[in-house]
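Enquirer: Just dropping this structure here.
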Amino acid sequence: MIRIPRFLGLINAFLVDEDDGLTLIDTTANPGAAKAILAAAGKHGRPIVRIALTHAHQDHIGGLDALAAQLPGVEVLISARDAKLLAKDMTPEPGEPADAKFRGGYSGAKTQPTRLLEPGDRVGSLEVVAAPGHTPGQVAFMDTRDRTLIAADAFSTIGGVATSAKPNPRFPLPALATWHPPTALATARALRALDPARLAVGHGKTVENPGAAMDAAIAKAS
Ligand SMILES: [Zn+2]
14 MIRIPRFLGL
24 INAFLVDEDD
34 GLTLIDTTAN
44 PGAAKAILAA
54 AGKHGRPIVR
64 IALTHAHQDH
74 IGGLDALAAQ
84 LPGVEVLISA
94 RDAKLLAKDM
104 TPEPGEPADA
114 KFRGGYSGAK
124 TQPTRLLEPG
134 DRVGSLEVVA
144 APGHTPGQVA
154 FMDTRDRTLI
164 AADAFSTIGG
174 VATSAKPNPR
184 FPLPALATWH
194 PPTALATARA
204 LRALDPARLA
214 VGHGKTVENP
224 GAAMDAAIAK
234 AS
């Protein structure tokens, strides 16, 4: 997995090697990111064959339209729930918590997904893991080869490992953009229970052997 940090390392995209090419996880915040992402793939010498989005926030989907325009035929994957948000349909779904609220930037994108993801699906070597709370349909990706967890914004690591259930004073943005904090806390616990070998996140550096740090983050938000 190759991390592509953008905006002084504040926002990440990732390239994941597969037999048929690269899976790009997220696109960072703006069309200008496309150039940097394509350059990273070029340096690695392999084509991006699919774009898998963890959730529909602007700082993860902002480069999507520019990338899709430059990658004809690329697959675009996002959860069925967040696909609605990508299309700027902000209607709540039956059964969602009454105290949930859309926060953070939802700019939408013109690009339409080619496949809608459900937890348990596979994207190459990655298993799709439910990670709701930050957004209603956020997903994480577990690499079944080495147990790297790409946790989206369920966790962040700027200013220390934190959940998005409660603002980390040193980097509060993921929590401030969270749709339903109690659901985000339940997700943090569920992801911790997967016992990842490595924690990769939307915001911050990748952490090796993250179990104890994830436990501490969960304790802080509980
Ligand atoms: Zn987010």
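According to this note's numbering, the sequence shown is numbered sequentially starting from 14. Quick reminder that beta carbons are idealized off the backbone N, C-alpha and C, glycines included. In this text, all values refer to a predicted model and were calculated from it rather than measured experimentally.
Run through the DSSP bridge pairs and tell me what M155 is partnered with.
Expert: Checking the DSSP bridge columns, you'll see M155 partnered with E140 and L162.
Enquirer: Under DSSP, the alpha helix (DSSP H) around P194 begins and ends at which residues?
Expert: P194 to R205
Enquirer: Going by C-alpha to C-alpha distance, which of G76, A234 and D39 sits closest to T176?
Expert: A234
Enquirer: In chain order, which beta strand (DSSP E) runs of at least 3 residues are fully inside the segment 75-150?
Expert: 88-92, 128-130 and 139-143
Enquirer: Starting from A65, follow its DSSP beta bridges and name the residues at the other end.
Expert: I38 and L90
Enquirer: Taking the alpha-carbon of G75 as reference, which of R135, V87, A26 and K56 has the nearest alpha-carbon?
Expert: A26
Enquirer: Are P187 and D166 closer than 7 Å when you measure CB to CB?
Expert: Yes, Cβ-Cβ distance for P187 and D166 is below 7 Å.
Enquirer: Among the candidates P85, D228, F20 and R135, whose CA atom is the shortest distance from the CA of A49?
Expert: F20
Enquirer: Is R190 near ligand 1, going by C-beta to nearest heavy atom under 6 Å?
Expert: Note on identity: in this sequence residue 190 is Ala, with Arg being the wrong assignment. Under cutoff, so the answer is yes.
Enquirer: Throw me the rounded Cβ distance for the T148 and L98 pair, which I believe falls under 8 Å.
Expert: 7 Å
Enquirer: State the Cα-Cα distance for the pair N222 and D228, rounded to the nearest angstrom.
Expert: 12 Å
Enquirer: Count the C-beta pairs between the segment 78-85 and the segment 114-121 that are closer than 8 Å, then say yes if the count reaches three, no if not.
Expert: Output reads no: the segment 114-121 does not touch the segment 78-85.
Enquirer: My output table needs one value for L23: the three-state DSSP class, helix, strand or coil.
Expert: coil
Enquirer: Where does G45 land, buried or exposed, given buried means 16+ other C-beta within 10 angstroms?
Expert: exposed
Enquirer: The alpha helix (DSSP H) that contains A229, what's its start and end?
Expert: G224 to A234
Enquirer: How many angstroms separate the CA atom of P194 from the CA atom of R59?
Expert: 39 Å
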